[in-house]
Amino acid sequence: MVTSAKDFCFCTLALGSKYRGLAKELAVGLELHFPGTILLVYTDQPQDLSDRHNIIAVKHRQQGIRYCYNDKRFVIGEALSKYHSVIWVDADTKIVAGIPSDIQWSPGITSGNFLPIFEHSRNKKVPKRLELITKLGTKLGVETENVKYVHEDLFIITRDGGKEQEFIQQWGIIAKYFELNGVHQGEGNSIGLAASKVGWSVNSHNYEIVKKALQHTYASREKDSRKFWDKLKDPKAISEKIQRQLSYYYRLNLARLLTLRNFDFYYR
Numbered sequence: 285m286v287t288s289a290k291d292f293c294f295c296t297l298a299l300g301s302k303y304r305g306l307a308k309e310l311a312v313g314l315e316l317h318f319p320g321t322i323l324l325v326y327t328d329q330p331q332d333l334s335d336r337h338n339i340i341a342v343k344h345r346q347q348g349i350r351y352c353y354n355d356k357r358f359v360i361g362e363a364l365s366k367y368h369s370v371i372w373v374d375a376d377t378k379i380v381a382g383i384p385s386d387i388q389w390s391p392g393i394t395s396g397n398f399l400p401i402f403e404h405s406r407n408k409k410v411p412k413r414l415e416l417i418t419k420l421g422t423k424l425g426v427e428t429e430n431v432k433y434v435h436e437d438l439f440i441i442t443r444d445g446g447k448e449q450e451f452i453q454q455w456g457i458i459a460k461y462f463e464l465n466g467v468h469q470g471e472g473n474s475i476g477l478a479a480s481k482v483g484w485s486v487n488s489h490n491y492e493i494v495k496k497a498l499q500h501t502y503a504s505r506e507k508d509s510r511k512f513w514d515k516l517k518d519p520k521a522i523s524e525k526i527q528r529q530l531s532y533y534y535r536l537n538l539a540r541l542l543t544l545r546n547f548d549f550y551y552r
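Numbering-wise, this note's numbering puts 405 at position 121 of the sequence shown, and it's gapless, one number per residue.
Next comes the structure, spelled out in structure tokens:
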């Protein structure tokens, strides 16, 4: 079974003022090229997005221990409860064109930007990642040589008889395993492993059509141009830094406590 583009939404995370601003820009492009289509956003300040009629903003507090990368599973999970297909895009993406109204996606996960998990450049450079991936393959009962690393900035999830919610659940378990073992980046590993666990093969049907309509700006790679001493003079910047540190330790200790319920999985 395939799904029509008439029953889909876009979704993203927008934590912090910079990404809330980018989400607004994303919504402007969405309205221009996909009129009537919703952008579901998980954000720390929903009221900041209330002036965009094509955004549904949901309050969200970061759950990832150090970074929010794996938090995207929460907004994707909610989107799948409302729509048959969900297009995940990073907030720092611009929509530059539309897509055919009759486009269809296959059940499961669609991405044209994937490769064998052991061949991803960052994994090859970090032996610890390779070790954890191998251990997870054993724990999950999947053949890791068949697992794909799914690039995280754009992919599509389509309902598959309930497997999509199992996928979200497995993604969460796998992500926590990585984080508690000191690996906080590369959520494409968690996505690929979770997909294999639920029996999905990553397909690329109609992916390029969607990709050509979008332009990823990689705003996260832009550095703050302010000098060190200027930052020290900014009370807001200092407060935000302290809050980030406190939040990090809170999430870390909370995760450690919660894993006592599943001690064997995380520490065996």
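C-beta: ideal position from N, C-alpha, C; glycine also. Everything numeric in this text was worked out from a predicted model, so none of it was measured.
Please report how far the alpha carbon of Thr327 lies from the alpha carbon of Asn354, in whole angstroms. Working through the sequence shown from its first residue, we reach residue 327 at position 43. Working through the sequence shown from its first residue, we reach residue 354 at position 70. Going by the C-alpha atoms only, they are around 14 Å apart.
Identify which residue in Val426, Val410 and Pro384 has its Cα closest to the Cα of Tyr491. In the sequence shown, residue 491 corresponds to position 207, counting from 1. Ranking the options by Cα distance to Tyr491, first place goes to Pro384.
If you compare alpha carbons, which of Gly466, His368 and Ile379 is closest to Ala307? Counting from 1 along the sequence shown, the entry for residue 307 is found at position 23. Of the listed residues, the one whose Cα sits closest to Ala307 is Ile379.
Would you give the residue range spanned by the beta strand (DSSP E) that Leu299 belongs to? Walking along the sequence shown from the start, residue 299 turns up at place 15. Leu299 -> no beta strand (DSSP E), and no H or E assigned at all.
Report the option in Gln388, Ser365 and Tyr433 whose CA atom is closest to the CA atom of Gly445. Counting from one through the sequence shown, the residue named residue 445 turns up at place 161. For Gly445, the nearest C-alpha among the options comes from Ser365.
Check whether the region 409 to 422 and the region 447 to 454 touch, using three or more Cβ-Cβ pairs below 8 Å as the test. no
Under the three-state DSSP convention, the category Trp372 falls into: Within the sequence shown, the letter at position 88 stands for residue 372. Trp372: strand per DSSP, three-state reduction.
Expected contact under 8 Å - CB spacing of Lys432 and Pro400 to nearest Å: Within the sequence shown, residue 432 is the residue found at index 148, counting from 1. Within the sequence shown, residue 400 is the residue found at index 116, counting from 1. That belief holds up - the Cβ atoms of Lys432 and Pro400 are roughly 6 Å apart, short of 8 Å.
Compute the beta-carbon to beta-carbon distance between Ala381 and His435, rounded to the nearest angstrom, for a pair I have assumed lies under 8 Å. Residue numbering aside, residue 381 sits at position 97 when the sequence shown is read from its first letter. Residue numbering aside, residue 435 sits at position 151 when the sequence shown is read from its first letter. The Cβ separation is near 20 Å, so there is no contact.
Do you know whose CA, among Phe451, Lys496 and Tyr303, lies nearest Leu374's CA? Stepping through the sequence shown from its first residue, residue 374 is reached at position 90. Note that residue 374 corresponds to Asp in the displayed sequence, not to Leu. If we check each option's Cα against that of Asp374, Tyr303 comes out closest.
So within the region 337 to 410, which uninterrupted beta strand (DSSP E) runs reach at least 3 residues, ignoring any that extend past its ends? 339 to 343, 369 to 373, 377 to 379, 392 to 394 and 398 to 400
Member of Ala311, Tyr461 and Ala298 whose CA lies at the smallest distance from the CA of Lys343: The residue given as residue 343 occupies position 59 in the sequence shown. Comparing Cα positions, the closest option is Ala298.
I'd like to know whether the C-beta atoms of Ile452 and Arg357 end up nearer to each other than 7 Å. Residue numbering aside, residue 452 sits at position 168 when the sequence shown is read from its first letter. Residue numbering aside, residue 357 sits at position 73 when the sequence shown is read from its first letter. It is a contact, given that the beta carbons lie within the stated cut-off.
Where His337 falls, given that 16 or more other Cβ within 10 Å makes a residue buried: If you number the sequence shown from 1, residue 337 lands on position 53. Under this definition His337 is an exposed residue.
Considering only residues of the same chain and omitting the five flanking positions on each side of Gly228, which have a CB-CB separation below 8 Å? The chain is shown only over 285 to 552; residue 228 falls outside these bounds and no answer can be derived.
Alpha-carbon to alpha-carbon, Arg350 and Val325: On the sequence shown, residue 325 is found 41 positions in, with the first residue counted as 1. On the sequence shown, residue 350 is found 66 positions in, with the first residue counted as 1. If I take the Cα positions, the gap works out to 20 Å.
Around the C-beta of Tyr502, are 16 or more other C-beta atoms found within 10 angstroms, so that it is buried, or is it exposed? As a working note, residue 502 is residue 218 in the sequence shown. So Tyr502 counts as exposed.
Let me know if Lys481 comes out buried or exposed under the rule of 16 or more other beta-carbons within 10 Å of its beta-carbon. Stepping through the sequence shown from its first residue, residue 481 is reached at position 197. With 16 or more Cβ atoms within 10 Å of its Cβ, Lys481 is classed as buried.
So, is Glu463 buried or exposed, given that buried needs 16 or more other C-beta atoms within 10 angstroms? In the sequence shown, residue 463 corresponds to position 179, counting from 1. Under this definition Glu463 is a buried residue.
For Tyr491, does the three-state DSSP call read helix, strand or coil? Within the sequence shown, numbered from 1, the residue matching residue 491 stands at position 207. Three-state DSSP puts Tyr491 in a helix.
Kindly indicate which residue of Gly313, Leu310 and Gly300 has the alpha-carbon position closest to the one of Pro330. In the sequence shown, the residue the question calls residue 330 occupies position 46. The residue with the shortest Cα to Cα distance from Pro330 is Gly300.
Tell me whether Phe292 sits in a helix, a strand or coil according to DSSP, three-state version. Along the sequence shown, one-based indexing puts residue 292 at 8. If DSSP states are grouped into helix, strand and coil, Phe292 belongs with the strands.
Could you tell me the alpha carbon to alpha carbon distance between His489 and Phe439, rounded to whole angstroms? One-based indexing of the sequence shown puts residue 489 at position 205. One-based indexing of the sequence shown puts residue 439 at position 155. Each residue's alpha carbon lies about 11 Å from the other.
Looking at Ile458: is its Cβ nearer than 7 Å to the Cβ of Ile360? Walking along the sequence shown from the start, residue 458 turns up at place 174. Walking along the sequence shown from the start, residue 360 turns up at place 76. The answer is no: Cβ separation not under 7 Å.
Taking all protein chains shown into account, do 16 or more other C-beta atoms lie within 10 angstroms of the C-beta of Glu403, making it buried, or fewer, making it exposed? Along the sequence shown, read from residue 1 onward, the residue named residue 403 stands at position 119. Flag for Glu403 reads exposed.
Going by alpha carbons, who is nearest to Gly470 out of Arg406, Asp376, Ile339 and Ile371? Position 186 of the sequence shown, counting from 1, holds the residue named residue 470. When only C-alpha atoms are compared, the closest one is Arg406.
Given this structure, state the Cα-to-Cα distance separating Phe398 from Leu333, to the nearest angstrom. Sequence index remark: in the sequence shown, residue 398 carries index 114 (1-based). Sequence index remark: in the sequence shown, residue 333 carries index 49 (1-based). Roughly 32 Å separates the two Cα atoms.
Quick one: Cα of Gln454 to Cα of Thr428, how far? In the sequence shown, the residue the question calls residue 454 occupies position 170. In the sequence shown, the residue the question calls residue 428 occupies position 144. Distance between the alpha carbons of Gln454 and Thr428: 15 Å.
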